[in-house]
Amino acid sequence: MADDASSFTFLSSLLIPLLVLLLASLSRRWLKSARKNAPPSPPSFPIIGHLHLIAKPPLHRALAAIAAARGHVVLLRLGSRPVLLVSSAPAAEECFTVHDLAFANRPRLLAAQILGYGCTTIAWSPYGPHWRNLRRISAVHLLSTGALRSSSDSRTGAVRSLAKALFLEGGDSGAGRPTAGGDEVELLQSGVRRDDGGGGNGHRWGVRGREAAIPGGSGGDVCGTIGCWNRHVGRHHGMGHVPPAHPPRSLARGEAELDAKIGQGRMAEEEDIPNLPYLNCIINETLRLYPAGPLLVPHESSQDCTVGGYDVPRGTMLLVNAWAIHRDPNSWDEPEEFKPERFQCEGGQEEAGLRMLPFGSGRRKCPGEGLAMRVIGLALATLIHCFEWEKLPGEEVDMTEGRGLTMPKARPLEAMCTPRHTMLHALSQL
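In terms of this note's numbering, the sequence shown is residues 5 to 434.
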């Protein structure tokens, strides 16, 4: 009798979990069939769902591959969490305009609990009175036009300290002492504190003679912008880019615009940036090809809605692949080409609409967009206006993406900078 009881217990321990999995699978299929308008979904495994499809980094490319195979609106299951993957501008526009209120919430993720102080920060706070209060404080007291104007001196000082460091560390004579890197970008970051979150080597500048090493630069920062306008204006091959032997015409046009609008011998100011349309085109094109966050911060539906004609139930997490939208051939002419001129035709980022989502859209759009564009514009204008930039002799610029959520470079960007003759006096006065 004891043997029979132990055998029964052993069989029960095996069969009960299998029965639970079978019932869960059948119920999921029944619910899916009951919702006739469910978005397309790839085959999944029990328990893990579609996690195996995104195991290979980078995440935004894995999700883009799923969208290419299944459509621009796809339903995924990451573990037990349903996820709506959106990879087209029309679907994103529907989410952030028609259903903006429904998708104004944030999912309660473990990472948000830890990094967002229990989901109390403006980025991760649930939609409600607390978030609205944080947004009002940011918009009125921290990031308004007046507040940004009053704090411009600190950003200008940080950017000029960066230019001075490059000049003194060897840019003036070509024989400066080697440095370990880090001090120069700390000067720039002192004006605007930011979280890297990219898992790369960090953002730093190292200088050997006239060489400026810029490790870990991502698409939304100064380093990534330099890397983009100094690369090949041509087709992407795989994940890397090969630059030409001479500076591209976009860099030359940027220098010419700065010389014409600012003049030779004067340092750029923040108020000059709106009067530099081609420089802003370079920045917008860089943010298109290399958004700082290729995936927007996740949203969560607080009510049932429809996206692209498909039913989306309440509690579904929304992932918008901005990287895929920015390179969608249905929205952009020659999307893999670096062509700043396209934004002259578009009239800027605003006229591009939801084809451009470097800062998100809707109620939960990043409130720091104005600050970011001021910092990037001033830093890039200063670096182009004060220095001549070239790639290292005999080396190609590798734009391969590293691990992380902010598209850090896998290999540090190394560029040679030489002070422009017309700016020597201005640099020496810093």
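Beta carbons: idealized from backbone N, C-alpha and C, even for Gly.
As for any beta strand (DSSP E) of minimum length 3 sitting wholly inside the stretch 270-336, the runs are 309-311, 314-316 and 321-324, ordered along the chain. Judged by pairs of C-beta atoms under 8 Å, the stretch 386-393 touches the stretch 409-425, as three or more such pairs exist.
Note that the stretch 85-98 touches the stretch 324-331; at least 3 beta-carbon pairs, one per stretch, sit closer than 8 Å. For N41, the three-state secondary structure derived from DSSP is coil.
At the C-beta level, G374 and L152 come within 7 Å of one another. Cβ atoms of A42 and Y314 come within 8 Å of each other, at about 6 Å.
Closest by C-alpha distance to Y131, out of L147, C349, A143 and F107, is F107. In the DSSP assignment, R81 falls within the unbroken beta strand (DSSP E) covering V77 to L82. Scanning S165, W336 and I329 for the CA closest to the CA of V77 turns up I329. Taken atom to atom, the span from the alpha-carbon of L283 to that of A376 is near 15 Å. Counting C-beta atoms within 10 angstroms of its own C-beta, Y121 has fewer than 16 neighbours from the protein chains shown and is therefore classed as exposed. Taking the Cβ atoms as the reference, A167 lies roughly 7 Å from L431, within the contact range of under 8 Å. With respect to the C-alpha of G258, the residue from L299, A66, S306 and A385 having the closest C-alpha is A385. Nearest C-alpha to G83 among D104, H56, A95 and A71: H56. The alpha-carbon separation between P302 and T149 amounts to approximately 28 Å.
Taken through DSSP and simplified to helix, strand or coil, E338 comes out as coil. Between A356 and T404, the alpha-carbon positions lie close to 27 Å from each other. Straight across, the Cα-Cα distance linking I118 with A162 is about 31 Å. Around the CB of V102, fewer than 16 other CB atoms lie within 10 Å, so the residue is classed as exposed.
Setting aside the 5 residues that flank it on each side, P46 is surrounded in the same chain by H54, L57, I70, A73, R74, V78 and L80, each with a C-beta closer than 8 Å to its C-beta; the list follows chain order. Here E274 is near L382, since their CB atoms are less than 7 Å apart.
W393 is bridged by DSSP to C421. The three-state reading of DSSP puts V401 in coil, since its state is none of H, G, I, E or B. Within the stretch 127-184, the complete alpha helix (DSSP H) segments of 4 residues or longer fall at 133-141, 149-154 and 156-170, listed in chain order. In the DSSP assignment, G53 forms a beta bridge with F49 and L82.
The straight-line gap separating the alpha-carbon atoms of R159 and L170 is approximately 17 Å. When rounded, the separation of the alpha-carbon atoms in R110 and A296 is 20 Å. A straight-line Cα-Cα distance of about 6 Å links A116 and C123. Ranking I141, D104, S165 and I52 by CA distance to the CA of Q433 puts S165 first. Per DSSP, R110 lies in no alpha helix (DSSP H) and is assigned neither H nor E. Shown here, L434 sits in coil according to DSSP, grouped into three states, outside any helix or strand.
Taking every protein chain shown into account, the CB of E400 has fewer than 16 other CB atoms within 10 angstroms, so this residue is exposed. In this structure, the beta-carbon distance from R140 to M321 does not fall below 7 Å. Excluding residues up to 5 positions away in sequence, L147 lie with their Cβ nearer than 7 Å to the Cβ of G372 in the same chain. Distance from the Cα of A260 is smallest, within the candidate group I388, L300 and W128, for I388.
In the same chain as G366, and ignoring 5 residues on each side of it, the C-beta atoms closer than 8 Å to its own belong to C99, F100, T101, D104, F107 and A108, in chain order.
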